[in-house]
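Engineer: Number 942 marks the last residue of the sequence shown (the working numbering); no jumps. Don't be surprised by glycine CBs; every beta carbon is placed ideally from N, CA and C. Only a predicted model underlies this, so the values are computations on that prediction, with no experimental measurement involved. Input: one structure, supplied below.
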Amino acid sequence: MTILLRYVLRKFMVDAAISASAFVVIFIVVDLSNQISAYLDQAADLSSIVAYYAWSIPYFLFLTLPMSLLLGSLFCIGGLSRRNELSAMKASGVSLYRVLLPIQVFALLLSGAAWAASWSWIPMANRVRAENSAVPTSPGRQHRIQLVLRDVEGQVVSLGEYKAKERRAKRVTIDRYAEGDLVQKIRADEMVWTGTEWSLIGGERRELVSAGERVAAFDTLRATHLTLMPDDFIREARPVEQRDTEELQRLIDRKQMNGKEATRDRVELALRTAFSFSGLVMVLFGLPLSSYTRRASRPLQVGICLLISFVFYGSMQAFRAIGWNGIIDPTASVWIPNAVFLMVGGLMLKRAHT
589 MTILLRYVLR KFMVDAAISA SAFVVIFIVV DLSNQISAYL DQAADLSSIV AYYAWSIPYF
649 LFLTLPMSLL LGSLFCIGGL SRRNELSAMK ASGVSLYRVL LPIQVFALLL SGAAWAASWS
709 WIPMANRVRA ENSAVPTSPG RQHRIQLVLR DVEGQVVSLG EYKAKERRAK RVTIDRYAEG
769 DLVQKIRADE MVWTGTEWSL IGGERRELVS AGERVAAFDT LRATHLTLMP DDFIREARPV
829 EQRDTEELQR LIDRKQMNGK EATRDRVELA LRTAFSFSGL VMVLFGLPLS SYTRRASRPL
889 QVGICLLISF VFYGSMQAFR AIGWNGIIDP TASVWIPNAV FLMVGGLMLK RAHT
């Protein structure tokens with residue numbers, strides 16, 4: 589890479605970093621202003637508040653990545669145009685495509701890093717952030733009712749009530765199917781996690797065989813055939829942003845296996861990849877746009893960035909809702925805004941080059 593291209597890339601990186609820092613600070617200030625009364629009511633200590641917002645930074649950076657890269661593009665190329673540096677580069681024989689290539693490669697690498705972080709690191713940070721929250725969370729995640737989950741070997745587990753803190757369930761039914769036929773039904777008053785396996789308390793086991801039924805009552809019964817863990821019964825209540833990608837995929841598979849609707853979760857899974865690479869899309873859109881706004885002041889460029897971001901985020905949310913309702917394919921619904929902005933950016937880049 590030549591000194592000239594390193595200069596352009598370094599300027600873009602600085603502008604994008606400043607933009608990202610500014611957006612994160614704004615997000616933190618807005619959230620803090622909304623939560624300050626709750627912090628005062630709960631008498632939250634300073635360390636927990638600092639920890640909460642420290643663990644919020646990865647998610648805020650991910651959320652503002654498209655805006656940050658768009659504003660960095662406007663500042664960088666717009667500044668080069670205002671100082672006639674871009675014209676000098678073209679006059680010396682350096683094409684516009686070559687000038688913009690390092691920025692595009694950097695945006696691609698950054699989008700790839702964001703995609704990798706969205707798999708596990710950002711959800712992990714969100715879980716730690718929730719644990720450090722000074723505002724009490726809803727107890728519904730720890731106390732659930734009317735659960736139905738499918739286990740291996742054709743088993744379906746139904747719980748009337750489950751308390752996560754005690755790892756105890758009430759009104760338990762375990763049905764086992766073979767080739768579509770019910771072959772065993774176990775009912776129990778309670779089911780308790782012993783540390784290594786589930787133990788059923790107070791119930792009966794009914795075997796459905798060709799000769800008839802065999803019924804046996806029990807006081808306690810080791811449910812060694814169950815592979816479900818305690819966390820499996822509360823995992824569906826965990827917010828999407830706190831689930832890593834593998835966990836979210838398992839949730840989708842489990843819902844589909846149980847015959848439940850999983851369209852919304854499929855949209856959220858596809859959105860992680862689409863939104864990660866929206867930063868690259870906004871760079872490809874913003875670089876040619878900056879050549880049309882080279883005379884605009886920085887405050888005006890910020891306004892242009894906010895307007896475009898409003899349209900982009902709004903369209904992303906609109907098509908996300910369309911995907912939730914199953915009107916179009918979940919994956920296509922979250923990629924349409926990227927495709928539209930990428931197409932418009934490509935047309936502007938071609939026109940700016942001529």
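Determine the extent of the beta strand (DSSP E) in which Asp763 is found, giving its start and end residues.
Structural biologist: Your numbering for residue 763 matches position 175 in the sequence shown. From DSSP, the beta strand (DSSP E) with Asp763 extends over Arg756 to Ala766.
Engineer: Just to confirm before moving on: does the CB-CB distance between Pro654 and Phe900 stay below 8 Å?
Structural biologist: Position 66 of the sequence shown, counting from 1, holds the residue named residue 654. Position 312 of the sequence shown, counting from 1, holds the residue named residue 900. The Cβ atoms of Pro654 and Phe900 lie closer than 8 Å to each other.
Engineer: What did DSSP end up calling Thr784 once you bin it into helix, strand or coil?
Structural biologist: Residue numbering aside, residue 784 sits at position 196 when the sequence shown is read from its first letter. Looking at Thr784 - three-state DSSP - the assignment turns out to be coil, as it is neither helix nor strand.
Engineer: Leaving aside the five residues before and after Val797 along the sequence, list all residues of the same chain whose C-beta is less than 6 Å from its C-beta, in chain order.
Structural biologist: The count along the sequence shown starts at 1 and reaches residue 797 at position 209. Correct list: empty, nothing qualifies.
Engineer: Could you tell me the alpha carbon to alpha carbon distance between Cys893 and Leu651, rounded to whole angstroms?
Structural biologist: Here the question's residue 893 lines up with position 305 in the sequence shown. Here the question's residue 651 lines up with position 63 in the sequence shown. So the two alpha carbons sit approximately 15 Å from each other.
Engineer: Which of the three DSSP states is assigned to Gly700 in this structure?
Structural biologist: In the sequence shown, counting from the first residue as 1, residue 700 sits at position 112. Three-state DSSP puts Gly700 in a helix.
Engineer: Hey, could you find the ends of the alpha helix (DSSP H) Asp619 is sitting in?
Structural biologist: Within the sequence shown, residue 619 is the residue found at index 31, counting from 1. Run containing Asp619: Ile591 to Asp629, per the alpha helix (DSSP H) assignment.
Engineer: Please work out which residues of its chain come closer than 6 Å, Cβ to Cβ, to Gly728, disregarding the five sequence neighbours upstream and downstream, and give them in chain order.
Structural biologist: Start at 1 with the first residue of the sequence shown, and residue 728 comes out as number 140. Here the model assigns Gly728 a pLDDT of 44, short of 50, so the residue's position is not dependable and the matter cannot be decided.
Engineer: Please determine if the segment 853-870 and the segment 695-703 are in contact, where contact requires at least 3 C-beta pairs separated by less than 8 Å.
Structural biologist: As far as the Cβ criterion goes, the segment 853-870 touches the segment 695-703, which means the pair count is three or higher.
Engineer: Can the beta-carbon of Glu849 be found less than 8 Å from the beta-carbon of Leu836?
Structural biologist: Counted from its first residue, the sequence shown places residue 849 at position 261. Counted from its first residue, the sequence shown places residue 836 at position 248. Against a cut-off of 8 Å, the Cβ pair of Leu836 and Glu849 comes out as no contact.
Engineer: For the alpha helix (DSSP H) containing Gly681, name the first residue and the last one.
Structural biologist: Your numbering for residue 681 matches position 93 in the sequence shown. Careful: Gly681 lies outside any alpha helix (DSSP H) and carries neither H nor E.
Engineer: Using the Cα positions of Asp769 and Ser635, report the straight-line distance between them to the nearest angstrom.
Structural biologist: By 1-based counting over the sequence shown, the position of residue 769 is 181. By 1-based counting over the sequence shown, the position of residue 635 is 47. Answer to the nearest angstrom: the Cα atoms are 57 Å apart.
Engineer: CA-CA distance, Tyr595 and Glu834?
Structural biologist: Here residue 595 corresponds to residue number 7 of the sequence shown, with the count starting at 1. Here residue 834 corresponds to residue number 246 of the sequence shown, with the count starting at 1. Their backbone Cα atoms lie some 40 Å apart in a straight line.
Engineer: Straight-line CA distance for Met677 to Ala884?
Structural biologist: Stepping through the sequence shown from its first residue, residue 677 is reached at position 89. Stepping through the sequence shown from its first residue, residue 884 is reached at position 296. In a straight line, the C-alpha of Met677 is about 21 Å away from that of Ala884.
Engineer: Assuming Asp820 contacts Leu895 (C-beta within less than 8 Å), just tell me the rounded distance between them.
Structural biologist: By 1-based counting over the sequence shown, the position of residue 820 is 232. By 1-based counting over the sequence shown, the position of residue 895 is 307. The Cβ separation is near 45 Å, so there is no contact.
Engineer: Suppose you measure from the CA of Ala605 to the CA of Ser656; what does that come to, to the nearest Å?
Structural biologist: Along the sequence shown, one-based indexing puts residue 605 at 17. Along the sequence shown, one-based indexing puts residue 656 at 68. One C-alpha to the other measures close to 8 Å.
Engineer: Among the candidates Arg775, Lys758, Glu785 and Ala799, whose CA atom is the shortest distance from the CA of Glu792?
Structural biologist: Taking the first residue of the sequence shown as 1, we reach residue 792 at position 204. Residue Arg775 is the option with its Cα nearest to Glu792.
Engineer: Sorted by chain position, which residues of the same chain lie with C-beta nearer than 7 Å to Trp781's C-beta, five sequence neighbours on each side aside?
Structural biologist: Position 193 of the sequence shown, counted from the start, is the residue given in the question as residue 781. Correct list, in chain order: Arg755 and Pro818.
Engineer: Within 10 angstroms of its Cβ, does Val617 collect 16 or more other Cβ (buried), or is it exposed?
Structural biologist: By 1-based counting over the sequence shown, the position of residue 617 is 29. Exposed.
Engineer: Tell me, which residues are paired with Arg732 by DSSP?
Structural biologist: Numbered from 1 along the sequence shown, position 144 holds the residue referred to as residue 732. Arg732 is bridged to Tyr750.
Engineer: Please classify Asn714 as buried or exposed, where buried requires at least 16 other C-beta atoms within 10 Å of its C-beta.
Structural biologist: By 1-based counting over the sequence shown, the position of residue 714 is 126. Using a 10 angstroms sphere on the CB of Asn714, the tally of other CB atoms reaches 16 or more, which defines it as buried.
Engineer: Pop quiz: Arg732 and Ile822 are said to be a contact at Cβ under 8 Å. What is the actual Cβ separation, rounded to whole angstroms?
Structural biologist: For the purposes of this step, residue 732 is taken as residue 144 along the sequence shown, with counting starting at 1. For the purposes of this step, residue 822 is taken as residue 234 along the sequence shown, with counting starting at 1. With a Cβ gap of about 7 Å, Arg732 and Ile822 count as contacting.
Engineer: Whose C-beta lies closer than 6 Å to the C-beta of Pro690 among residues of the same chain, with five residues either side of it excluded?
Structural biologist: Residue mapping note: residue 690 aligns to position 102 of the sequence shown, counting from 1. Contacts found: Leu593 and Leu597.
Engineer: Taking the beta carbon of Leu688 as the centre, do at least 16 other beta carbons fall within 10 Å, making it buried, or is it exposed?
Structural biologist: For the purposes of this step, residue 688 is taken as residue 100 along the sequence shown, with counting starting at 1. Buried.
Engineer: Would you mind listing the alpha helix (DSSP H) stretches within the segment 859-902 that are 4+ residues and don't spill past its ends, in chain order?
Structural biologist: Taking only runs of at least 4 residues, the alpha helix (DSSP H) segments lying wholly in the segment 859-902 are 866-880.
Engineer: Can you give me the start and stop residues for the beta strand (DSSP E) that Thr808 sits inside?
Structural biologist: By one-based count along the sequence shown, residue 808 stands at place 220. Where Thr808 is concerned, the enclosing beta strand (DSSP E) stretches over Gly800 to Ala811.
Engineer: Are the beta-carbon atoms of Ser699 and Leu659 separated by less than 8 Å?
Structural biologist: Counting from one through the sequence shown, the residue named residue 699 turns up at place 111. Counting from one through the sequence shown, the residue named residue 659 turns up at place 71. No, these two residues do not count as a Cβ contact at 8 Å.
Engineer: Apply the 10 Å Cβ neighbour rule to Pro827 and answer buried if 16 or more other Cβ atoms are within range, or exposed otherwise.
Structural biologist: Reading the sequence shown from its first residue, position 239 is the one you call residue 827. Exposed, because fewer than 16 other Cβ atoms sit within 10 Å of the Cβ of Pro827.
Engineer: With a cut-off of 8 Å on the beta carbons, I'd call Tyr627 and Ile637 a contact; round off their distance for me.
Structural biologist: Taking the sequence shown and counting its residues from 1, the one referred to as residue 627 is at position 39. Taking the sequence shown and counting its residues from 1, the one referred to as residue 637 is at position 49. Contact holds; Cβ gap of about 6 Å.
Engineer: Which term fits Tyr685, buried or exposed, when burial requires 16 or more other beta carbons within 10 angstroms of its beta carbon?
Structural biologist: Indexing the sequence shown from 1 puts residue 685 at position 97. Exposed: under 16 other Cβ atoms inside 10 Å.
Engineer: Using CA coordinates, which residue listed in Ala909, Glu719, Met712 and Ala704 is at the minimum distance from Ala639?
Structural biologist: Counting from one through the sequence shown, the residue named residue 639 turns up at place 51. Nearest option by C-alpha distance: Glu719.
Engineer: Excluding five sequence neighbours on each side, which residues of the same chain lie with their C-beta closer than 6 Å to the C-beta of Ile665?
Structural biologist: Taking the first residue of the sequence shown as position 1, residue 665 is located at position 77. Excluding sequence neighbours, Ile665 sits near Leu875 and Ser878.
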